[in-house]
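Asker:
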Amino acid sequence: MRDKEKIIMLVTLIIFIVVLLLSFTVITYFNIKEENKVPKHDKTTIQESTTTKESTTETTTKIVTEAVTEITTTKTSSTKVTTTATKKITTKGITTTTEKIVSIVNPSELDEWCLNIFNIINDTRKRNGLNTLSLKKDIRDLAIDASIKWESIHDEGLKSYLYGYNYYGYQSNILSSNNGYKVIANETLKNTDVGTNKYLNYVGINIYKVDNKYYFLIIYE
């Protein structure tokens with residue numbers, strides 16, 4: 007009888023140990039599974055960038071190739087020596103920055119109407135949150151020259167003369183002395199993007215008057 011009780015106790019102990027081992031195995035399995043769910047951190051590469059204004063600087067990269075000759079001597083036997091020349095070519099990039107020089111005209115050199123039109127355009131750009139335009143000498147001189155020629159070369163000739171430039175021309179013989187510049191400024195803003203284009207930096211303007219007729223030109227870039 008006692009032997010039977012001992013057997014029952016032994017079986018019970020074995021079952022308890024098996025259950026304990028199974029429980030430990032299950033807990034360990036789920037812990038490993040949860041650890042595998044934790045995302046691994048990726049390496050982040052931060053690249054620095056440099057922004058330069060195209061209107062003021064130009065960056066040029068020149069490729070320079072250097073040739074280096076390496077002499078390798080190999081002794082192939084007790085009496086024969088072989089010499090091999092190997093040429094290695096190294097390519098290097100040399101970057102240079104060139105600054106553009108832009109001649110700017112003082113707005114005070116403009117006549118009254120041109121100055122008023124210039125100020126209206128820049129006031130409009132300010133309201134639109136944009137930079138103000140500067141008077142660039144070369145396109146200012148071109149506007150003067152083209153407005154004087156306009157009467158003789160007509161519209162088609164003017165188009166050819168100013169080929170490659172962004173410009174707007176306005177001519178009228180009914181402008182009043184009181185609000186004539188306002189009419190020209192409004193027509194310019196309506197027919198061009200000088201008041202809204204964020205990429206513009208420079209402008210050249212001129213008004214040429216013959217008898218009672220006004221020839222107005224604006225060139226912008």
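The opening position of the sequence shown corresponds to residue 7 in the numbering used here, with each subsequent residue numbered one higher.
Glycine included, C-beta positions come from ideal geometry on N, C-alpha and C.
Since the model is a prediction, treat every value here as computed from it, not as a measurement.
Within the chosen definition, does the segment 185-197 reach the segment 121-128 through at least 3 CB pairs nearer than 8 Å?
Answerer: Because the criterion of three Cβ pairs below 8 Å is met, the segment 185-197 and the segment 121-128 touch.
Asker: Would you report the Cα separation of V111 and L139, rounded to the nearest angstrom?
Answerer: Their backbone Cα atoms lie some 11 Å apart in a straight line.
Asker: Mapping DSSP to helix, strand and coil, what is I52?
Answerer: Its pLDDT being 36, under 50, I52 is placed unreliably by the model, and nothing is read from it.
Asker: For the beta strand (DSSP E) containing S140, list its first residue and its last residue.
Answerer: First-last of the beta strand (DSSP E) with S140: S140 to K142.
Asker: Report yes if the C-beta of K155 is less than 7 Å from at least one heavy atom of the ligand HEM; otherwise report no.
Answerer: This structure simply doesn't include the ligand HEM, nor any ligand for that matter.
Asker: Using the rule of at least 16 other Cβ atoms within 10 Å of the residue's Cβ for burial, across every protein chain shown, is S29 buried or exposed?
Answerer: It counts as exposed.
Asker: Rounded to a whole number of angstroms, what is the C-alpha to C-alpha distance between S109 and K142?
Answerer: In a straight line, the C-alpha of S109 is about 6 Å away from that of K142.
Asker: Indicate the three-state DSSP secondary structure (helix, strand or coil) for Y214 in the structure shown.
Answerer: The answer is strand: DSSP assigns Y214 an E or B state.
Asker: Taking only runs of the alpha helix (DSSP H) that begin and end inside the segment 109-152, which ones reach a length of at least 4 residues, in chain order?
Answerer: Runs of the alpha helix (DSSP H) inside the segment 109-152: 118-133.
Asker: Could you pull out every residue in the same chain whose Cβ sits closer than 8 Å to the Cβ of N134, ignoring the five residues on either side in sequence?
Answerer: Correct list, in chain order: G201 and T202.
Asker: Flag this pair as yes or no: are the beta carbons of I145 and Y208 separated by less than 8 Å?
Answerer: Yes, the pair counts as a contact, with Cβ atoms nearer than the cut-off.
Asker: Along the beta strand (DSSP E) that carries I107, what are the first and last residues, could you check?
Answerer: Looking at the DSSP string, I107 is not in any beta strand (DSSP E), and its letter there is neither H nor E.
Asker: With Y173 and I224 assumed to form a contact (beta carbons below 8 Å), what rounded beta-carbon distance in angstroms separates them?
Answerer: So it is a contact: roughly 6 Å between Cβ atoms.
Asker: Quick test of your reading: W119 and Y214, contact by CB under 8 Å. State the CB separation rounded to the nearest angstrom.
Answerer: At roughly 11 Å, the Cβ-Cβ gap does not stay under 8 Å, so W119 and Y214 are not in contact.
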